[in-house]
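Notes follow the structure.
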Amino acid sequence: MVDLSQAGTFPLAGRTVNRMGYGAMQLAGPGVFGPPRDRVEALAVLRAAVEAGVNHIDTSDFYGPHVTNQILREALHPYPDDLLIVTKVGAVRGQDGAWLAAQSPEDLTRAVHDNLRNLGLERLDLVNLRLMGDIHEPSEGPLDEQFATLARLRDEGLIGHLGLSNVTPAQVRQAQAIAPVACVQNQYNLVHRADDALVDDLALQGIAYVPFFPLGGFSPIQSDALSAIAGELAVSPMQLALAWLLARSPNLLLIPGTSRRAHLFENLAAAELALTAETRARLDRIAAA
Ligand SMILES: NC(=O)c1ccc[n+]([C@@H]2O[C@H](COP(=O)([O-])OP(=O)(O)OC[C@H]3O[C@@H](n4cnc5c(N)ncnc54)[C@H](OP(=O)(O)O)[C@@H]3O)[C@@H](O)[C@H]2O)c1
Numbered sequence: 000m001v002d003l004s005q006a007g008t009f010p011l012a013g014r015t016v017n018r019m020g021y022g023a024m025q026l027a028g029p030g031v032f033g034p035p036r037d038r039v040e041a042l043a044v045l046r047a048a049v050e051a052g053v054n055h056i057d058t059s060d061f062y063g064p065h066v067t068n069q070i071l072r073e074a075l076h077p078y079p080d081d082l083l084i085v086t087k088v089g090a091v092r093g094q095d096g097a098w099l100a101a102q103s104p105e106d107l108t109r110a111v112h113d114n115l116r117n118l119g120l121e122r123l124d125l126v127n128l129r130l131m132g133d134i135h136e137p138s139e140g141p142l143d144e145q146f147a148t149l150a151r152l153r154d155e156g157l158i159g160h161l162g163l164s165n166v167t168p169a170q171v172r173q174a175q176a177i178a179p180v181a182c183v184q185n186q187y188n189l190v191h192r193a194d195d196a197l198v199d200d201l202a203l204q205g206i207a208y209v210p211f212f213p214l215g216g217f218s219p220i221q222s223d224a225l226s227a228i229a230g231e232l233a234v235s236p237m238q239l240a241l242a243w244l245l246a247r248s249p250n251l252l253l254i255p256g257t258s259r260r261a262h263l264f265e266n267l268a269a270a271e272l273a274l275t276a277e278t279r280a281r282l283d284r285i286a287a288a
């Protein structure tokens, strides 16, 4: 079995988690809408992840909606003591599957209660405020009211820690003036590195950066250079993309998503893949190409 400790650990929300985690979004149906194609496999993926040592799982009640959290609950409740489930609020789904902003105090409060109910929890360990400026890219805009609402729910005991998703560096600073920020979850991967400076700044502050789309998202990264280097090392391109992230900065916590155990095991095995400085330099050049 893979040894996840090879990739190290990082403090998150008052715990210490393995840097190699799992993102549950792919467990809902196509387009993250409706039930999964294969519910039995979805349950098996989650159980296999935890059995392999994953203790950081990312989710949201707007995956499905509700579906992913309900599968998580069915697969893993009562949850292991060391498992950190991180969720996010700030959106709802339209009848057609559209991703719609839902950021009023009432929306956010409802979303926290939806997560509590569907996950079967009395307190959410860590909730990210997901800003919806642009769907996959942050854009400037106010977050004070939203973050203050979550801070209030934290003070009431419904939430342990707060994080942010799809935010700019300025928005991180705005939020930090209201309450501590435990993590930032933005799009970042081998070929999408707009957040390089933010990753480094958060590392200096000891704050986790959790890249979404670590493999490139719905269309995983395709790069001849990546495939060539992976071939030389006898690993898969996806493993190499994850190993590059692990090597990039110690505050990067990975949550690759998959709906299949075969891909799960392949991805987790990247925790054991150490890269030479030369390989890292070659991978670094891919984004610039
Ligand atoms: N905060 C946000 O706004 C936000 C946005 C997006 C995602 N997220 C979170 O980030 C997590 C990761 O993102 P993601 O799942 O969207 O994208 P991802 O991890 O970059 O890639 C997932 C895609 O790659 C495929 N895949 C996974 N492992 C593979 C492998 N070894 N070989 C080939 N294909 C593979 C998956 O398909 P299969 O199912 O067929 O393996 C799926 O299509 C999500 O699960 C979610 O928790 C957050």
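Taking numbering that gives the first Met the number 0, the leading residue of the sequence shown gets 0, the next gets one more, and so forth. Glycine included, C-beta positions come from ideal geometry on N, C-alpha and C. All values reported here derive from a predicted model rather than from experimental measurement.
Asked, Found
"Asp124, DSSP secondary structure in three states", "strand"
"Among Asp95, Ala41, Phe211, nearest to Ile70 - alpha-carbon criterion", "Ala41"
"Boundaries of the beta strand (DSSP E) in which Phe9 is found, first to last residue", "8 to 11"
"Reference Thr8; option with closest CA among Arg36, His55, Arg46, Arg260", "His55"
"Beta-carbon proximity list for Gly28, same chain, < 8 Å, skipping 5 on both sides", "Pro34, Pro35, Arg36, Gly63, Val66"
"Alpha-carbon spacing of Met0 relative to Gly22, whole angstroms", "20 Å"
"Extent of the continuous alpha helix (DSSP H) to which Leu241 belongs", "236 to 247"
"At least 3 beta-carbon pairs within less than 8 Å: the region 256 to 276 vs the region 195 to 207", "no"
"Inter-stretch contact at 8 Å, needing at least 3 Cβ pairs: the region 127 to 138 / the region 70 to 87", "yes"
"Runs of alpha helix (DSSP H) wholly within the region 45 to 87 (minimum 4 residues, chain order)", "66 to 75"
"Residue range of the unbroken beta strand (DSSP E) whose run includes Ile134", "Counting along the chain, Ile134 falls outside any beta strand (DSSP E), and DSSP gives it neither H nor E."
"Assigned secondary structure, Met0 (DSSP; H/G/I helix, E/B strand, else coil)", "coil"
"Close Cβ partners of Asp194 (< 7 Å) along its chain, the five nearest in sequence each way excluded", "Asn185, Tyr187"
"Range covered by the beta strand (DSSP E) that runs through Val16", "14 to 17"
"Ligand 1 heavy atom lying under 7 Å from the CB of Phe212", "yes"
"Residue(s) in a DSSP beta bridge with Asn188", "His191"
"Three or more C-beta pairs below 8 Å linking the region 101 to 110 and the region 130 to 146", "yes"
"Beta carbon of Asp57 nearer than 8 Å to that of Ile254", "yes"
"Spatially closest choice to Leu123 from His191, Gly13, Pro137, Met24, by CA coordinates", "Gly13"
"C-beta contact flag for Leu45 and Ala74 at 8 Å", "yes"
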